[in-house]
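Structure, as structure tokens:
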Amino acid sequence: MPILREKKALLGIIAGVTMALVMPGFPLGMLSFVALIPLLFALENGGGFLPSYIAGLVFFLINLRWTFTLARFDVLAVPGVLLLFLYLALYFGLFGMMVGIIRKRWRSDRSLLIVFPVLFTLFEILRNSGPLALGFSSLYQSLYSYPVLIQMAAYLGPWSITAAVAF
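Sequential numbering from 439 applies to the sequence shown in our numbering.
Okay, structure coming up:
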């Protein structure tokens with residue numbers, strides 16, 4: 439069982455790194471269509487919170503690395519930034535937990551085809567809403583340099599792009 443847990447953690451790390459590399463600042467936006475595949479494999483046999491949480495933590499550590507420059511102004515900014523990363527990764531962890539719960543209930547691998555993109559999009563919307571919202575680092579932003587692929591956002595909203603990429 440520990441080996442399976444380690445493999446899931448590794449898949450979470452790979453998913454987090456890949457998701458970070460498709461965001462603005464890296465010229466790898468087209469990889470966004472495969473960035474979530476390691477996470478999908480990690481969620482295959484239950485236990486979805488930990489690998490998803492790890493993926494989120496790695497993603498935010500890489501993607502929001504610029505926030506560590508706040509340490510120049512106040513050393514207390516570093517624990518604050520780390521708490522921010524831990525908080526934001528919770529959305530990924532809760533997403534993985536919900537996918538696991540629904541998969542158990544439906545007892546079908548095919549359920550992932552619908553559940554995965556819908557829940558991923560829902561948790562991105564939740565992460566971008568409310569008083570503790572962070573309005574960037576969303577999957578739809580990965581295709582910023584491909585105008586042809588993001589045209590549907592004009593009609594269906596940016597979350598339709600997140601759902602399409604996660605599908």
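All C-beta atoms in this analysis are idealised placements derived from N, C-alpha and C, irrespective of residue type, glycine included.
Any idea if residue i is buried or exposed, counting beta-carbon neighbours within 10 angstroms, 16 or more meaning buried?
{"i": "LEU577", "result": "buried"}
{"i": "TYR491", "result": "buried"}
{"i": "PHE574", "result": "exposed"}
{"i": "GLY568", "result": "exposed"}
{"i": "PHE533", "result": "buried"}
{"i": "LYS445", "result": "exposed"}
{"i": "ILE539", "result": "exposed"}
{"i": "VAL516", "result": "exposed"}
{"i": "LEU495", "result": "buried"}
{"i": "ILE599", "result": "buried"}
Contact check, residue i vs residue j under 8 angstroms by CB: the rounded distance?
{"i": "PHE498", "j": "PHE523", "result": "5 angstroms"}
{"i": "LEU477", "j": "GLY450", "result": "7 angstroms"}
Among the options, which has the Cα closest to the Cα of residue i?
{"i": "TYR584", "options": "ARG443, SER598, MET468 and ILE451", "result": "MET468"}
{"i": "GLY667", "options": "MET535, LEU570, ILE588 and ILE599", "result": "Because the chain here runs from 439 to 605, residue 667 falls outside it and cannot be looked at."}
{"i": "PHE557", "options": "GLY568, ARG541 and VAL537", "result": "According to the sequence as given, residue 557 is Leu; it is not Phe. Nearest option by C-alpha distance: VAL537."}
Answer yes if the stretch 559–571 comes into contact with the stretch 524–537, meaning at least three C-beta pairs across the two stretches below 8 angstroms, and no otherwise.
yes
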